[in-house]
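Asks:
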Amino acid sequence: MNPIDRNDPVALKDWNERMIDKYDLINYYDHPIRIIRWIERRRLRKMLDALVMDDGADTLEIGCGAGQVLMAVPKGKLHGFDLSERLVELTRGKISDAFPHRLGIIVSGDAQRWPDEIHAGSYTNILCSEVIEHIPNPRALMEELHRVVGPDTKAVIVSTPNEPLINRLKNFFISLGLFRWLFPNISKDMTEEWHLSSFDIPLMEKTCAGLFRITRIQGAPFDALPVRYIFTLKKL
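Heads up: the sequence shown begins at 735 in this note's numbering, then just goes up one per residue.
(1) Cα separation between ILE935 and ILE891?
(2) Rounded to a whole number of angstroms, what is the C-alpha to C-alpha distance between LEU804 and TYR757?
(3) Which stretch, first to last residue, makes up the alpha helix (DSSP H) that contains LEU903?
(4) LEU912 lies in the beta strand (DSSP E); which residues open and close that run?
(5) Just the C-alpha distance for ASP850 and ASN761, rounded to the nearest angstrom, thanks.
(6) Have a look at VAL807, ALA854, PRO743 and ARG768 and flag the residue whose alpha-carbon is nearest the alpha-carbon of SER818.
(7) Could you work out which residue in ARG775, GLU878 and ALA845 is closest to ASN750 when comparing CA atoms only?
(8) I'd like to know if the region 829 to 843 and the region 893 to 907 are in contact, where contact means that at least 3 CB-CB pairs between them fall below 8 Å.
(9) Using 10 angstroms around the beta-carbon of ILE994, count the other beta-carbons present and answer buried if the total reaches 16, otherwise exposed.
(10) Does DSSP classify ILE869 as helix, strand or coil?
(11) Would CYS798 and GLY814 qualify as a contact pair, given that the criterion is a beta-carbon distance under 7 Å?
(12) Between the region 916 to 930 and the region 940 to 949, do three or more beta carbon pairs fall short of 8 Å?
(13) On the CB-based measure, 16 or more other CB atoms within 10 Å of its CB, does ASN859 come out buried or exposed?
(14) Mapping DSSP to helix, strand and coil, what is ILE796?
(15) What is the rounded straight-line gap between the Cα of PHE913 and the Cα of PRO960?
(16) Taking only the alpha-carbon atoms, compute the straight-line gap between ILE900 and ILE770 and give it to the nearest angstrom.
(17) For VAL865, is the classification buried or exposed, using 16 other Cβ atoms within 10 angstroms of its Cβ as the cut-off for buried?
(18) Just to confirm, are PHE965 and MET938 a CB contact at a threshold of 7 Å?
(19) With a threshold of 7 Å on Cβ separation, who are the neighbours of THR941 within its own chain once the five nearest residues in sequence on each side are excluded?
(20) Going by DSSP in three states, ILE769 sits in which element: helix, strand or coil?
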């Protein structure tokens, strides 16, 4: 289990910054390991295809990181927040340079207590991409998401690693003596380092209970091999 003190916001923020550097989050979608890069791009494509897009759409990303997901949204205003202030600055700068007319609210904030700038009922699409597994209290994130989703919100998309399957695949390659050769600098079990929860379908259902109904589950790279899950949610 990850040793980080989940109740210490300063320690949590410092730990998050260290993990950003260790796993090169800024360049994650251009990952040097080809299969990881391919899986993440497949996941991103499925998430984007689930959005409702028009010129008047407002898209919010919870944990916007270095802005790769927001930058891939094809239309409308782009909003987001992230625990890392340096990633917020990077994302704001990217959007300002590439699509100045589409720049919305990009601020720093905790996914368990959303910043005041994020207003309920203001977003057509809400994305949470590979974030919830890093949160000390995933239920708090879902409660905030439930509060902000409004009658005009058309798509709520959450993606997570399928941790049990990933660990089985890792153990297979470890048993062959190939893991360190194929996946250098990757932890044997991310719940020992950067993931605070081991998400699968039952845990997502439990985390959503009473707040959201899961209306669709997709897998990336494929539904038959769901290394990543993409959940479409509907507010209850």
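Ideal Cβ positions, reconstructed from N, Cα and C, are used throughout, including at glycine.
Replies: Checking against the coordinates, here is how it stands:
(1) 14 Å
(2) 20 Å
(3) Taken as a continuous stretch (DSSP letters only), the alpha helix (DSSP H) holding LEU903 covers 897 to 909.
(4) Neither: LEU912 is in no beta strand (DSSP E) and is coded neither H nor E.
(5) 29 Å
(6) PRO743
(7) ALA845
(8) no
(9) There is simply no residue 994 to check, as the chain begins at 735 and stops at 970 in what is shown.
(10) coil
(11) yes
(12) Flag = no, the region 916 to 930 and the region 940 to 949 do not touch.
(13) Buried is the call here.
(14) strand
(15) 20 Å
(16) 12 Å
(17) Around the Cβ of VAL865, a 10 Å sphere holds 16 or more other Cβ atoms; the residue is buried.
(18) yes
(19) PRO872, ARG873 and MET876
(20) helix
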